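**Student:** In terms of full-length UniProt numbering, the sequence shown is numbered consecutively and its last residue is 119. No residue lacks a Cβ here, since even glycine has one placed at the ideal position from N, Cα and C. Small disclaimer: the values here were computed from a predicted structure and weren't measured.
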Amino acid sequence: MVLDHSGYPLRRGEPEYTDDDRFWDGTRLHHLIHDDVAKRQGVLLSTADVVVLNSMGCCPGTGHCGSKVIASEKARRRLAAAGFVRFEEPEGTLQHWEADDGTTLALLVGEVTRPFLGQ
């Protein structure tokens, strides 16, 4: 059984880091391909099968700090159209993850300031 980074069982539909350095998108497990996509962000943002927003602060609409949420279709369209992402924090990053079945995940770690996502 794979557990989250705190040792609790993973829950369907709730993205979370695992205890073995993978990422659970709520459906499947992904392994890290690249931990800081600085160039060609547009390719990942427009082709990722799953996009997760991992807020370092509080995620709007959830009231939880450090929340991880699947990006809405509206947010995904804005990210893909912009072709880039900028973060409020200097440590903010766009990560590329992949599942064994080839599914790709874009994990945005930090508060996104551009493009405006309106979440």
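Taking all protein chains shown into account, do 16 or more other C-beta atoms lie within 10 angstroms of the C-beta of A81, making it buried, or fewer, making it exposed?
**Tutor:** Along the sequence shown, read from residue 1 onward, the residue named residue 81 stands at position 81. Flag for A81 reads exposed.
**Student:** Can you name, in chain order, every residue of its own chain whose Cβ lies under 6 Å from the Cβ of H5, other than the five neighbours on each side?
**Tutor:** Within the sequence shown, residue 5 is the residue found at index 5, counting from 1. So the list reads Y17, D19, once near-sequence residues are dropped.
**Student:** For R12, which residues from the same chain have a beta carbon less than 8 Å from its beta carbon, with the 5 sequence-adjacent residues on both sides left out?
**Tutor:** Your numbering for residue 12 matches position 12 in the sequence shown. Only G26, T27 meet the Cβ criterion.
**Student:** Can you tell me which of the three DSSP states T103 falls into?
**Tutor:** In the sequence shown, counting from the first residue as 1, residue 103 sits at position 103. T103: coil per DSSP, three-state reduction.
**Student:** Excluding five sequence neighbours on each side, which residues of the same chain lie with their C-beta closer than 8 Å to the C-beta of M1?
**Tutor:** Start at 1 with the first residue of the sequence shown, and residue 1 comes out as number 1. Excluding sequence neighbours, M1 sits near P9.
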